[in-house]
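Trainee: In the working numbering, each number is its position in the sequence shown, counted from 1, plus 6. We put the beta carbon where it would ideally sit given N, CA and C, even for glycine. Given the structure is predicted, the values throughout are model-derived calculations rather than measurements.
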Amino acid sequence: MGANGGDSQMVLDYLQHKIQDPEFVPDYVILNCGLHDIKRNPQSNAIQINENLYSKNLAQIFKLLKDKDIQPIWIRTTWVVDSIHNEKSKAFYRYHADAKRYNEIADSICSSNGIPIIDLYTFSKNQGIESIRDHIHYLPKAQKEQADFIAEELMKYIK
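Structure (structure tokens):
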């Protein structure tokens with residue numbers, strides 16, 4: 007539990023708990039989930055959170071926030087380079103096609119609910135492979151660029 011909630015089920019569980027706290031009264035919640043959802047078991051290829059459950063989790067997250075008059079702002083999941091990730095991470099695999107698909111699911115739900123989207127996926131992809139530090143994390147220079155990008159985008163939505 008905490009600010010880095012993991013997959014969409016963990017984020018939903020966290021927010022369901024957190025929303026009960028009378029001191030939890032933000033105007034905005036900036037969130038992303040997807041990279042943990044698309045983890046695949048190397049032996050069975052089973053995905054951690056299937057597309058249907060991911061979609062339901064996001065819908066519930068957004069409804070929960072909107073019911074409490076909290077504006078969600080969605081950040082698209084960063085890209086995955088299959089060859090880099092799956093060579094360096096043996097505990098689980100991730101695939102670019104899954105990241106792309108889960109971003110499409112989130113885009114659709116956000117679009118139909120009027121939820122702003124910050125496109126970190128395209129930004130990180132444009133940074134290139136040389137910005138990746140390990141299987142999925144970024145070098146400090148790339149992280150700063152991403153933070154600057156997110157901050158600039160947030161200024162468009164936060165009043």
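Give the DSSP-derived three-state secondary structure of I76 in the structure shown.
Mentor: Looking at I76 - three-state DSSP - the assignment turns out to be coil, as it is neither helix nor strand.
Trainee: Please say whether Q152 and S130 have beta carbons closer to each other than 8 Å?
Mentor: Closer than 8 Å, so yes.
Trainee: Per DSSP, what kind of secondary structure is I115 in: helix, strand or coil?
Mentor: Reduced to three states, the DSSP call for I115 is helix.
Trainee: Comparing C-alpha positions only, which one of L70, G12, H102, I123 sits nearest to Q26?
Mentor: Closest by alpha carbon: L70.
Trainee: What did DSSP end up calling L37 once you bin it into helix, strand or coil?
Mentor: Three-state DSSP puts L37 in a strand.
Trainee: Taking D13 as the reference, give the member of S61, A157, F30, I124 with the closest Cα.
Mentor: Of the candidates S61, A157, F30, I124, the one whose C-alpha sits nearest the C-alpha of D13 is S61.
Trainee: When we look at the beta-carbon of M7 and count the other beta-carbons within 10 Å, is it buried (16 or more) or exposed?
Mentor: Annotation note: pLDDT 49 at M7 (below 50); position unreliable, coordinate value reported separately. So M7 counts as exposed.
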